Ligand code: URP
Ligand code: ZN
Ligand code: ZN
């Protein structure tokens, strides 16, 4: 396989920051040094003035996922291409345990769909809805023999995705003992469903009621409950899409007590606040995601937690649904909820803008150091989900997943220039500082400016190990 030398770039990892040459060979980082001399067969790329970052690791994405009544509009092909253009080279999606298939069947089904399409490397968390002896046996098998070491459980969406507390506890106990991770969507689903029913009965049908029926206190209650279940199970636990201080305060307290609680937030909770819901226009269905956007005060707490490591990951929860009926052949997406907010499929796109938006509002605004930016978007997600050091860093022997990032460039974001099938971006018209210039997947150049050099199916399923956080 061809070798490439990235010359004179500024290598940024979670801990290091230095100018060096990086030699990629046979899909891995072969050597790092100063003024390296290489043969003529080695392609040399001058990276002076550019950051050399480990490829992003996004551990919360939904492609071809059934969410409520709809299916997300990104295929594994379009979603992973968008990921690549945004500097993300590994994603962890979901395999759903349905009423008719088991966890192992769900993994196999998802792989059958993903393998031929993915343009970056991937894995899956299995969504577990029901637990019995057979399910627990398959979960153990998945961890030991399939390289699937994380599982997702919902405390929300009763009758659809929600698992009861006993099921969550049993999973925490077994998966925790085996060194894996249970990731939890923490919201009190049954009380939320009651609030939704009452709002609809009162004639409140517009999208703003999505946010009003999912108050932060119900995220806090479920987070607290999840922590206590993990404490009893003596297990590590991971909270997805933390949006509010109501949730965060329990996470902070639990970590101070020494309970191994980990958590992510998402760019949209840092970029936008609940003022967007002050409208009765259907347009705000764009912001109908779960949990909803919170207050500016909540945002301050999220930033503080990101600084002091009470939040360890920024993942996208990329969960795209189109606004325009028929866009790229997708029908009945957001429009489903035109006359009833509870029918709007929950979720928003974000996979392609994660790194650049966080660079702009985090690094450029002095809220995150460069090392912390890499740690939150690549290294720690890789560690928590058993991908490190294959993924998540620039080190000899690691996969040559490398992003050349230009901190001096800027770009104005438009959905029509992005690569997702989604017809909108929450960042439409916004100018962001920083730009992904080139992306390498296992040493192969897949993004070169605006040019796509990747191909469907070149991504690989990555068997994962246990949690590396202790
Ligand atoms: O709005 C969201 N987050 N949709 C995806 C499903 C989930 O809750 O993660
Ligand atoms: Zn969720
Ligand atoms: Zn999600």
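Numbering (my numbering), first residue to last: -18 to 451. Beta carbons are placed, not taken as given, at the ideal position from N, Cα and C, and that holds for glycine. Predicted model only: the values in this text are computed from it and were never measured.
Look at residue 300: its beta carbon is less than 6 Å from one of the heavy atoms in ligand 1. Not one heavy atom of ligand 2 sits closer than 6 Å to the Cβ of residue 106. In terms of Cβ geometry, residue 166 and residue 221 form a close pair [threshold 7 Å]. Taking C-beta atoms as the reference points, residue 352 and residue 55 fail to come closer than 7 Å. Look at residue 311 here: in three-state DSSP terms it is coil, with no helix or strand label.
Residue state for residue 46 is assigned as coil, using DSSP reduced to three classes. Positions of the beta strand (DSSP E) runs, each at least 3 residues long and wholly inside the segment 353 to 435, are given as 383 to 393, 412 to 422, 425 to 429 in order along the chain.
The bridge partners DSSP lists for residue 134 are 165. Shown here, residue 289 sits in coil according to DSSP, grouped into three states, outside any helix or strand. Taken from the Cβ of residue 270, at least one heavy atom of ligand 1 lies inside 6 Å. The segment -1 to 77 contains, as complete beta strand (DSSP E) runs of 3+ residues, the segments 9 to 14, 24 to 27, 32 to 35, 37 to 39, 69 to 77 (chain order).
Taken in chain order, the complete alpha helix (DSSP H) segments of 4 residues or longer contained in the segment 244 to 290 are 248 to 252, 277 to 288. Bridge pairing for residue 143: 135 [DSSP].
Non-local beta-carbon contacts of residue 240 in its own chain, meaning distances under 7 Å to residues more than five positions away in sequence, involve 208, 211, 212 in chain order.
Residue 219 has its alpha-carbon roughly 23 Å from the corresponding atom of residue 192. In the three-state DSSP reduction, residue 177 falls in the helix class (H, G or I). Going by DSSP, residue -9 is part of the beta strand (DSSP E) stretching over -15 to -7. Taking residue 277 as the centre and dropping the five residues before and after it, the same chain places the C-beta of 254 closer than 7 Å to its C-beta, in chain order. Residue 329 is bridged by DSSP to 299. In the DSSP assignment, residue 106 forms a beta bridge with 75. Residue 88 sits in a helix when the DSSP states are folded into three classes.
Between residue 422 and residue 434, the CB-CB gap reaches or exceeds 7 Å.
Counted as a single uninterrupted DSSP element, the beta strand (DSSP E) harbouring residue 218 occupies residues 218 to 220.
In chain order, 333, 399, 400, 417, 420, 428, 433 place their CB closer than 8 Å to the CB of residue 66, counting only its own chain and leaving out the 5 sequence neighbours on each side. Between residue 95 and residue 57, the gap from beta carbon to beta carbon is short of 7 Å.
For residue 396, same chain residues with a beta-carbon under 8 Å away, outside a window of 5 residues either side, are 403, 404, 405, 406, 409 in chain order. Cβ-Cβ distances below 7 Å link residue 48 to 300, 326, 327, 328 in the same chain, with the five nearest sequence neighbours on each side left out; the list follows chain order. The beta-carbon separation of residue 363 and residue 378, rounded to 14 Å, does not stay under the 8 Å limit for a contact. Residue range 197 to 214 is occupied by the alpha helix (DSSP H) that includes residue 204. The secondary-structure analysis by DSSP pairs residue 322 with nothing; it has no beta-bridge partner. Rounded to whole angstroms, the gap between the alpha carbons of residue 310 and residue 303 is 10 Å.
According to DSSP, residue pairing for residue 340 in a beta bridge does not occur. Counting other Cβ atoms within 10 Å of its Cβ, residue 27 stays below 16 and is therefore classed as exposed. A distance below 6 Å between beta-carbons, with the five flanking residues on each side excluded, links residue 62 to the following residues of its chain, in chain order: 100, 400. Where residue 232 is concerned, the enclosing alpha helix (DSSP H) starts and stops at 226 to 237. DSSP places residue 191 inside the alpha helix (DSSP H), whose first and last residues are 189 to 193.
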